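Working notes, structure below.
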Amino acid sequence: MDATQTAENSGRDRAGAEPGEGGARPEPTGPEPTGPAPAAAVPAQAAAVQEALPLDGLPEQAELDRARRPTGLSPSRASDFMTCPLMYRFRVIDRLPEEPSSAATRGTLVHAVLERIFDAPIGSRTVERARSLLRPRWDALLAERPELAGLFPRGMDGAEFVEWLASAEKLVERWFELEDPNRLEPAEREVRVQATLPSGLALRGYIDRIDVAPGSGDLRVVDYKTGKAPRPGFEAQALFQMKFYALVLWRLRGRVPRRLQLVYLGSGDVLTHDPHEGELLAVERKLQALWEAITEATASGRFEATPNKLCGWCGFQANCPEFGGSPPPFPLPVRKNAPGPVPVTLTTAGAARQGGAGTAADHGGTRPDGGRS
Numbered sequence: 062m063d064a065t066q067t068a069e070n071s072g073r074d075r076a077g078a079e080p081g082e083g084g085a086r087p088e089p090t091g092p093e094p095t096g097p098a099p100a101a102a103v104p105a106q107a108a109a110v111q112e113a114l115p116l117d118g119l120p121e122q123a124e125l126d127r128a129r130r131p132t133g134l135s136p137s138r139a140s141d142f143m144t145c146p147l148m149y150r151f152r153v154i155d156r157l158p159e160e161p162s163s164a165a166t167r168g169t170l171v172h173a174v175l176e177r178i179f180d181a182p183i184g185s186r187t188v189e190r191a192r193s194l195l196r197p198r199w200d201a202l203l204a205e206r207p208e209l210a211g212l213f214p215r216g217m218d219g220a221e222f223v224e225w226l227a228s229a230e231k232l233v234e235r236w237f238e239l240e241d242p243n244r245l246e247p248a249e250r251e252v253r254v255q256a257t258l259p260s261g262l263a264l265r266g267y268i269d270r271i272d273v274a275p276g277s278g279d280l281r282v283v284d285y286k287t288g289k290a291p292r293p294g295f296e297a298q299a300l301f302q303m304k305f306y307a308l309v310l311w312r313l314r315g316r317v318p319r320r321l322q323l324v325y326l327g328s329g330d331v332l333t334h335d336p337h338e339g340e341l342l343a344v345e346r347k348l349q350a351l352w353e354a355i356t357e358a359t360a361s362g363r364f365e366a367t368p369n370k371l372c373g374w375c376g377f378q379a380n381c382p383e384f385g386g387s388p389p390p391f392p393l394p395v396r397k398n399a400p401g402p403v404p405v406t407l408t409t410a411g412a413a414r415q416g417g418a419g420t421a422a423d424h425g426g427t428r429p430d431g432g433r434s
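Going letter by letter, the sequence shown gives residues 62 to 434 in my numbering.
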């Protein structure tokens, strides 16, 4: 998968940030997660670091410090750290502002339409109805995030917006070629899930759709991508996100999903994978190693820049040493003589491997100005 495809497929992850990681998200459809609340999920390693770092100054500053400390992992933030630890720092700890992109915003819009088409009764879930949802959902998105108007300087009557909306319409139309919503009745849509591992690490994310098979109760986890499918041999990046969701559901509900399904609207492909407990345990070990690396980086204040093929898309170049920039002062107390972070990369088997930097394709890297996938 090239950088453009990776950028497109990072879809919604940034347009609506994960909880506690900056930005706002629409309320999820479906029941609230039954796992522990985020505030209770503080891994032992992170707690030890917090105890070793007495917070000087006024209580308000202490509250700010705690708010900026990483509290768990989502697929997008895990990918950020594996792609470039400095980018992770800028997003999660410094919370530097990022300009919206038309590709990310289109992903957000398309996802909103595909979620709401199921509000219509079976038999009425037509492509015409889906098209009719595009403009109202855009108006709602614009009301929630007025800054998106800046993407189209000539306004909603300008050629840029008309072409952009037409491109979103094509993606919606293609979905109807891949799936028939009149033969589906999702159990949950745009659902927020969260689980806490035995170590205390909180895993969280948003799943586009969960289908439950009648009779067997088997789960199918579905995620929409507005970009193109990866080339053969490069599926690990996309499947890392899906295995992350499968792990969360397994820990949350005690059942391994029967199928993981990625629907690529950009190329008209569907990628499926049937997970098993062994590989989900490998993902769990990897995420634990990744969290330990993040904890050490937070304690030391050392988040290194990792040059990769996605740097050209990065919105943080002005603050990146690789582009002659300077990061802002680290906003958290630093533990003296703290060891630096140990790089953690993603192998195609999904197991933890510590050492070299790896590549963006291996890590599941995303374009920094992309939205939620």
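Even glycine gets a Cβ: it sits at the ideal position worked out from N, Cα and C. What you are looking at is a predicted structure, and each value in this text was computed from that prediction instead of being measured.
- The Cβ neighbour count for S193, taken over all protein chains shown within 10 Å, is under 16; the residue is labelled exposed.
- In this structure, the beta-carbon distance from L262 to L134 falls below 8 Å.
- Contact between R270 and V254 is absent: CB atoms are separated by about 12 Å, not below the 8 Å threshold.
- Assignment of A263 by DSSP, reduced to helix, strand and coil, places it in the strand class.
- The shortest CA-to-CA distance from Q302 to any of S328, L348, D330 is the one to L348.
- Our two residues, G276 and R244, have alpha carbons roughly 16 Å apart in a direct line.
- Contact between the region 357-370 and the region 137-152 is present, with at least three C-beta pairs closer than 8 Å.
- Rounded to the nearest whole angstrom, the CA to CA distance from E296 to T333 is 10 Å.
- With respect to the 8 Å criterion, L202 and T287 are not classified as neighbours on the basis of their beta carbons.
- Note that the C-beta distance between Y267 and A290 is not below 8 Å.
- Per the coordinates, the alpha-carbon of R265 lies some 15 Å from the alpha-carbon of R250.
- Exclusion of the five residues before and after R198 leaves L170, A173, V174, R177 as the residues of its chain whose Cβ lies within less than 8 Å of its Cβ.
- At a Cβ-Cβ threshold of 8 Å, I355 and P161 do not count as neighbours.
- Residue range 163-177 is occupied by the alpha helix (DSSP H) that includes V171.
- Uninterrupted beta strand (DSSP E) stretches at least 3 residues long and entirely within the region 279-349 occur at 280-286, 320-325, 330-334, given in chain order.
- Between the alpha carbons of E338 and R215 lies a gap of roughly 52 Å.
- When secondary structure is reduced to three states using DSSP, R138 falls in the helix class.
- About 7 Å separates the beta carbon of E340 from that of K304, a gap short enough to meet the 8 Å contact definition.
- Each of F142, E246, A220 was checked against the Cα of G184, and the nearest Cα belongs to E246.
- Sixteen is the threshold: since fewer than 16 other Cβ atoms of the shown chains lie within 10 Å of the Cβ of G385, the residue is exposed.
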